[in-house]
Amino acid sequence: MLRIKMLRSSLKSKQLELLLMTLIALCIAPLMSKSTYFLHVMIMIFFFAFANNAWNILSGYVGLVSFGHGAFLGLGAYTSTLLLLNFGVSPWIGMIAGVILTSIVAAALFLPLLKLSGHFFALSTIAVREIIRLVFEYTPYVGGAMGLTIPIIASSSLYYFQFSSKIPYYYIALTLLLVQILILYKMERSKVGYYFIAIRENEETAKALGVDVKRYKIIALVLSASFSAVIGTFYAQYFLYIHPNSTMGVLISVEMLLSAVIGGSGTLLGPVIGAFVLIPVETVCRVYLGGMWEGFHLVIYGILLISVSIFAPGGIYGKASGLLETLRSKWRKGK
Amino acid sequence: MSWGMLFLQTITNGLLIGAVYALIALGLNVIYGVMDFINFAHGEFIMLSMYATYFMFVLLGWDPLLSLPISMLMLFGLGAISEIFLVKPILGERMVIQVFTTYGLLLFLRNIATFFWSSTWRTLPTSYSDVVLSLGEIRISLGYALSSLVALIFTIGLYMFFKKTDTGIAIRATSQDRETAKLMGVDVNKIYMLTFGLGSACAGVAGVLLTLVYPIQPEVGEIFCVLSFVICVVGGMGNFMGAILGGFLIGLTESLAGFLVAPAYKHIIVFIVFIITLLIRPKGLMGK
Amino acid sequence: MLYVNKINVSYGDIQVLYNVSFKVDEGIITAIVGPNSAGKTTILRTISGLLKQRSGEIRFKNANIDNLPPHKRVESGIVLIPEGRKIFPALTVMENLRVGSYPKKARSVRRASLDEIFNLFPILRERENQMAGTLSGGEQQMLAVARGLMSKPKLLMLDEPSLGLAPKLVDSVFETVKNLSKTGITLLIVEEHIDRVLEIANYSYLLENGRITLEGKGEDLLNNEHVKETYLGI
Amino acid sequence: MEKLSSKEAITKIQAVVVSVIIAIAVIVAAYFAAFPPSQKPLVTEVKIGGIYPLTGAYAVLGRNDRYAIELAVDEINEAGGVKSLDGALLHIIFADSEGDPKRAADEAERLITVDGVCAIMGSILSGTTSTSAPVAERYKVPYVNEGSTSITLTEHGWEYFFRVTPHDGLYCKFTFDFLKWLAKDKGVPVKTVALLYENTLFGKTAGDVWKDLLTQPEYSEWELVADIPYDSKSLQYDTEVMELKKAQPDVVFMATYTEDSIMLQKTFHRLDFECKAFIGIDGGHITQYFVEGTGKLGDYVFAEARWSPDLKRSISQEANARFNERYGFNLDGHSARAYTAAYVLYWAIEKAGSTNPEDIKNALVNLEIAADEIIMPWDGVKFDSKGQNILGKGCIVQIINGEFRSVYPRETATFDPVFPQPSWEER
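Residue numbers (our numbering), protein chains in the order written: chain A, -9 to 325; chain B, 167 to 454; chain C, 42 to 275; chain D, 8 to 434.
The following block contains the structure:
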């Protein structure tokens, strides 16, 4: 509850201006920079911000920590790609199909897990994700262990979601992210958002207050899975190759969690800020140190992760707003 | 070889590997039971112990079973140090923070191993690990038999420690009610350090034993990571006997699934067993 | 023996104790009585070190113990038997007693303490190897007291020892407390059963809304009009 | 309640440290965005990107390839660099894919747009090649692949993709042809075969190709008695071997990674599984680690190694000697191909006389290298319209006393194979 209050106060006036300015800067950034690699890094930031937010709905707001979100991302990616490859369906339509299919699978396979709590839920999501991944790896029809390669159909086509330039991808990712943030903003302020947090803070109390806990857990699960599926389609169209391991594996599932946590899970902007901090840091580590000595850049990255979690366990967002609050109150006192 | 003998062989394999699984999971479970903490870098602790054993063998010529106490102590120390610097600051925090920190630790350890010892595979050629024992038609490698035996002895030793010593009892008391334990004069901080050390020592012993049967590489911890969670949860998180039961259960499931269904599906079946167990008993077989 | 001087204690932003001061003299039974949620338990938790006061000091045997962690306080002789008994349910009776004598000093005289305790509570000897969680309520209370005694306390603090017990058992609990006092242990009891505790207490304090409002000998408080009206319903 | 007090105890120091971390992160990110990490282009330098898994599960392969490429590049530079460019030196910029397809694409993007490389080499794993090659395709930068053998890679119609190595289809067929020759040469009939392969991209491809070949009349004399895919992340492989014991095949074809190849070989011995020959393809069986890990037990295994240090070809043995002198171990199937690929790219640049990617691509398209110029036991290098080297060949070795001895093709072989292998008791 405390965090929400902080958000409320922080969204007032000045920070709103700040947000708007950031937004404008993001919109014109591609026009200013000639570096396509800069655009690529920005796209990756948007990609992870979106994915983090998706994870955050179930794991941050409702508090059911999941290591299984790779499964949803992968299902989304596979649905749209299979539709595209077999029937020439536009990935945009595939995206919607992916959302529907993923919601169904999520409801069917993860639903029984919702009654588990805490660590048990978290660890069981690993198992469900592994099952889905292994099934995809063993099924030749969906590409099996070979994965699926999306051919370059057109140099630039909105219908096929393929562009030779980075700029359309940039704006698509940015738009997706903004729309998602808007939806989440609405959600957070609605009763659904309150119920989510109530369930996280104390499930029994929430039940006693008349919240249909099970129903809202399912809502969170489906929402979370749907967003993951959307970004899965983006993944497929951006990288043009999907594989059970790379879209449903441990790595992507953990990555979806890392920057959400570093930013501050359970908050609206935390995961986004996390992505803006962690992705550049990871990239810089890899680009500058990756080719140098074996493993060195990941050693540094690991140390960074550890130190942030020890010094800012509430996430950077919480830490930063905490600092802002203290500064402000000091300033007031000084006055 | 008749079907019956093959079946017996399968059961034997399952039990042998189960003992090692149990030991791997035990370390994790002891820590979880007392501290409510999941160490995602547990597999990396095993990996470090494997390297320690390897280097003692190669540089000093010490047999793994002789250097076992040293590796165990090293890992105990590593665990205790990690507890002081990494775990204590985040102990009361939400679970995601634990994941975050120990994932950082995992990346750190894995790559520091790559950095110093490179990513090459190493094997520890003891004179006895490839010796085969025959029990009738059933065949067991001495390496496996020894490692299962030592795992079992260590587990029993640990059990006696928890059952008979004051410190062991204090650890159990802390796991049940840390506040009251404090009121009884138990230094809970010290107990935590000790527990984390002990859990890591389990990883240490497991690492030593695995060098007898498995090649060593910086990424080797990955194999143990998911598996040890599965075992812990199936048996019952935080339950001593749960880890052992879970270890044998998963070992047997893996072997039987491979034998009766198909080797390729053994991991899927393990995960399905895992899910079913959880749905029937949401806190694991021995959980309360 | 124990001096509590103007302590203020809060849970987060909510202050529970305001300038609470009292003392416990050696060898007698001191009681703190008061209504539910007056802050009685908080006092005991602060003395035992589970909570830290914002201000004020606590002295035990003329030494400031403010910076000692809980286990050091136990070693110096302060033991709290918590509200609701809080025995370790999955340990046997014997193991519970062993945890009770965990501090080094207590460990060295464990044999003797055990004999004493089994003299005091013969039933525990019978139940020695039984899981503590399977004991009856009364037996659990006995075990809790016994476990506290195992560390050879100088000051034994009891938090609501009669809570949740049948009236008959309550009698025996207070009987035990009286007997303990005779062996020379200093006792500090916190109770809602005001009439019963005031009968056995040598000196008492009344705690209301986090403040000490009355103090005096047991019978003095019993005869106080305010106490009579509000708490004894006379 | 303790939790609250510990929260309160978040000290100023911690706050400062966190702000410093954040500040550094932001500054670094800003710097990175404003001044991308590009070195000033030297006129005398030809920049080539190299994407390899330098960390992660396949880091060994990445490291060995990197060593081989560094050796090749140093040799080329010492010999006077690219002569058609007035002796410009080759400069390889290595990037770490971590074995992750996403990161591989990322690094390809970076190498091309930031570092401005004129060609890319990489990336061993078919998975990472699948994402990084399209990036090169998009920027029209040639991509010279040394060791990703998944068949489909050359089926996408990529114009800038050149695969120096033969693909899995050829290698698998090569092992079959070898067995046919072997059975005939030794006069030992082979009736039943079993397939044992790990269940991801690499092993699965091999398994599928083998199964497909077995349906063709050419190999109809062999009966498939066991088809066993398995998960290579296991602590034991008893069930897999028991399946084999049930089936009792004459020959087992295997596609494995390193640790599982070692574990499997030990399990064969322990469970007393006998057959006439084990034939491995690439993967675990061709590494030194397999020999070290299995000791005596690894003897007599055949492996499609792509290369062998004892090839009857002087240029090969010299290259290996130089490699061994520098790094202390032999070239293997992977690193030898990386070494070759580096030379192939160099010859193309030499021929193009330009650092323009388009020119290099055209040079690659028309490139023809004779057999005696390369260290591989191939007929040479020549790319077809799909970018596949059509002159590639396999190379079968047998492990004898812990050494790889080349046994097939006979032109470059130095050893007469032992077949059938002695039983475990006889060794």
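Note that the Cβ used here is the ideal one computed from N, Cα and C, for glycine as well.
Cβ-based burial, C:Met198 [other Cβ within 10 Å; buried from 16]:
In the third sequence, the residue the question calls residue 198 of chain C occupies position 157. That one is buried.
With A:Met238 as the anchor, note down where its alpha helix (DSSP H) starts and where it stops.
Counted from its first residue, the first sequence places residue 238 of chain A at position 248. Where A:Met238 is concerned, the enclosing alpha helix (DSSP H) stretches over Pro234 to Met238.
How about B:Ala188: is its C-beta nearer than 8 Å to some C-beta of chain D?
Along the second sequence, one-based indexing puts residue 188 of chain B at 22. So no, B:Ala188 is outside the interface.
Go ahead and pull the three-state DSSP assignment for D:Thr172.
By 1-based counting over the fourth sequence, the position of residue 172 of chain D is 165. Coil, per DSSP.
Cβ neighbours of A:Thr273 in the same chain (closer than 8 Å, five flanking residues each side left out):
Numbered from 1 along the first sequence, position 283 holds the residue referred to as residue 273 of chain A. Result list for A:Thr273: Val31 and Met34, in chain order.
How is B:Asp332 classed by DSSP in three states: helix, strand or coil?
As a working mapping, residue 332 of chain B is identified with position 166 in the second sequence. Reduced to three states, the DSSP call for B:Asp332 is helix.
So B:Thr340 packs on B:Ile357, CB below 8 Å; how close in whole Å?
Within the second sequence, residue 340 of chain B is the residue found at index 174, counting from 1. Within the second sequence, residue 357 of chain B is the residue found at index 191, counting from 1. Confirmed, about 5 Å.
When you compare the segment 307 to 323 of chain D with the segment 407 to 422 of chain D, are there three or more beta-carbon pairs, one atom per stretch, that lie closer than 8 Å?
Cβ pair count under 8 Å is three or more, so yes.
Please decide whether B:Gly450 counts as near chain E, where near means a Cβ-Cβ distance under 8 Å.
Considering every chain present, this structure includes no chain E. Its protein chains are A, B, C and D.
To the nearest angstrom, how far is it from the Cα of A:Gln152 to the Cα of A:Ser216?
The residue labelled residue 152 of chain A in the question sits at position 162 within the first sequence. The residue labelled residue 216 of chain A in the question sits at position 226 within the first sequence. Rounded to the nearest angstrom, the two C-alpha atoms are 22 Å apart.
Interface residues of chain B facing A:His109 [CB-CB closer than 7 Å]:
Your numbering for residue 109 of chain A matches position 119 in the first sequence. Under the 7 Å cutoff, chain B gives Ile204, Met261 and Met403.
Cβ of D:Ser13 within 8 Å of any chain B Cβ:
Sequence index remark: in the fourth sequence, residue 13 of chain D carries index 6 (1-based). Low confidence applies here, because D:Ser13 scores a pLDDT of 39, under 50, leaving its location unreliable and the question unanswered by this model.
In terms of residues, what are the limits of the beta strand (DSSP E) holding C:Ile230?
For the purposes of this step, residue 230 of chain C is taken as the residue at position 189 of the third sequence. It spans Thr227 to Glu232 - the beta strand (DSSP E) in which C:Ile230 sits, taken as one unbroken run.
Is the CB-CB distance between B:Val374 and B:Thr219 below 8 Å?
Along the second sequence, read from residue 1 onward, the residue named residue 374 of chain B stands at position 208. Along the second sequence, read from residue 1 onward, the residue named residue 219 of chain B stands at position 53. Their beta carbons are under 8 Å apart, which means B:Val374 touches B:Thr219 by this criterion.
Would the beta-carbon of B:Thr219 be found less than 7 Å away from any heavy atom of the ligand HEM?
With respect to the ligand HEM, the structure offers nothing, as it holds no ligand at all.
If we define contact as Cβ-Cβ less than 8 Å, is A:Ser255 a contact residue for chain D?
Taking the first sequence and counting its residues from 1, one reaches residue 255 of chain A at position 265. No, because no Cβ of chain D sits closer than 8 Å to the Cβ of A:Ser255.
As assigned by DSSP and simplified to three states, the class of D:Asp245:
Within the fourth sequence, numbered from 1, the residue matching residue 245 of chain D stands at position 238. Reduced to three states, the DSSP call for D:Asp245 is helix.
Option in D:Val372, D:Ile382 and D:Tyr167 with minimal Cα separation from D:Ile322:
Here residue 322 of chain D corresponds to residue number 315 of the fourth sequence, with the count starting at 1. When only C-alpha atoms are compared, the closest one is D:Ile382.
Buried or exposed for B:Trp169, please, with buried defined as at least 16 other CB atoms from any protein chain shown within 10 angstroms of its CB.
If you number the second sequence from 1, residue 169 of chain B lands on position 3. Counting Cβ neighbours within 10 Å, B:Trp169 comes out exposed, since fewer than 16 surround it.
Beta-carbon proximity list for B:Met222, same chain, < 6 Å, skipping 5 on both sides
Your numbering for residue 222 of chain B matches position 56 in the second sequence. These residues qualify, in order along the chain: Trp228 and Ser233.
Go to A:Ser70, then tell me how far its alpha helix (DSSP H) extends in each direction, as first and last residue.
As a first step, residue 70 of chain A must be located in the first sequence, where it is residue number 80. It spans His59 to Phe77 - the alpha helix (DSSP H) in which A:Ser70 sits, taken as one unbroken run.
Where the beta strand (DSSP E) containing D:His163 begins and where it ends:
Indexing the fourth sequence from 1 puts residue 163 of chain D at position 156. Counting along the chain, D:His163 falls outside any beta strand (DSSP E), and DSSP gives it neither H nor E.
How about A:Val244 and A:Ile306: are their beta carbons less than 8 Å apart?
Start at 1 with the first residue of the first sequence, and residue 244 of chain A comes out as number 254. Start at 1 with the first residue of the first sequence, and residue 306 of chain A comes out as number 316. In this structure, A:Ile306 does not lie closer than 8 Å to A:Val244 by Cβ.
So, does the CB of D:Lys253 fall closer than 8 Å to a CB anywhere in chain B?
Taking the fourth sequence and counting its residues from 1, the one referred to as residue 253 of chain D is at position 246. Yes, D:Lys253 counts as interfacial toward chain B.
Starting from C:Met172 and walking both ways along the beta strand (DSSP E), at which residues does that stretch end?
Looking up residue 172 of chain C in the third sequence gives position 131. Unbroken run through C:Met172: none, as it is neither H nor E.
Measure how close the beta-carbons of D:Val259 and D:Leu203 come, nearest whole angstrom, since I'm counting them as under 8 Å.
The residue you call residue 259 of chain D lines up with position 252 of the fourth sequence. The residue you call residue 203 of chain D lines up with position 196 of the fourth sequence. The pair is a contact, with the Cβ atoms about 6 Å apart (cut-off 8 Å).
Looking at C-beta atoms only, is the number of pairs between the segment 393 to 403 of chain D and the segment 163 to 178 of chain D that lie closer than 8 Å three or more?
yes
According to DSSP, is B:Pro384 part of a helix, a strand, or is it coil?
As a first step, residue 384 of chain B must be located in the second sequence, where it is residue number 218. Helix at B:Pro384.
Excluding sequence positions up to five away, which residues of its chain have a Cβ less than 8 Å from the Cβ of B:Gly450?
The residue labelled residue 450 of chain B in the question sits at position 284 within the second sequence. Close CB contacts of B:Gly450 within its chain, under the 8 Å cut and outside five residues either way in sequence, are with Cys398, Val399, Val400, Gly401, Gly402, Met403, Asn405, Gly408, Gly412, Thr443 and Leu444 (chain order).
Looking only at its chain, what residues have a beta carbon closer than 6 Å to the beta carbon of D:Leu278, apart from the 5 residues adjacent to it on each side?
Taking the first residue of the fourth sequence as 1, we reach residue 278 of chain D at position 271. Apart from sequence neighbours up to five positions away, the residues of its chain that approach D:Leu278 with a beta-carbon distance below 6 Å are Val248, ordered along the chain.
Would you say C:Lys127 lies against chain B (beta-carbon separation less than 8 Å)?
Position 86 of the third sequence, counted from the first residue, corresponds to residue 127 of chain C. Yes, C:Lys127 counts as interfacial toward chain B.
Given that a residue counts as buried once 16 or more other Cβ atoms are within 10 Å of its Cβ, and exposed if not, what is C:His267?
Position 226 of the third sequence holds residue 267 of chain C. Label assigned to C:His267: exposed.
Taking any Cβ of chain B, which residues in the segment 131 to 150 of chain C have a Cβ under 7 Å from it, in chain order?
Ala131, Leu132, Glu136, Arg139, Val140, Gly141, Tyr143, Pro144 and Arg148
A:Ser299 versus chain B: which residues are under 8 Å apart at the beta carbon?
On the first sequence, position 309 is the one that residue 299 of chain A refers to. Ordered by position in chain B, the residues that pass the 8 Å Cβ test against A:Ser299 are Ile256, Ile263, Phe266, Thr267 and Gly270.
How far does the beta strand (DSSP E) with D:Asn152 in it reach, from first residue to last?
Mapped onto the fourth sequence, residue 152 of chain D falls at position 145. Unbroken beta strand (DSSP E) run through D:Asn152: Tyr150 to Asn152.
Closer than 8 Å, CB to CB, is C:Glu201 near chain B or not?
Counting from one through the third sequence, the residue named residue 201 of chain C turns up at place 160. Cβ-Cβ to chain B under 8 Å: no for C:Glu201.
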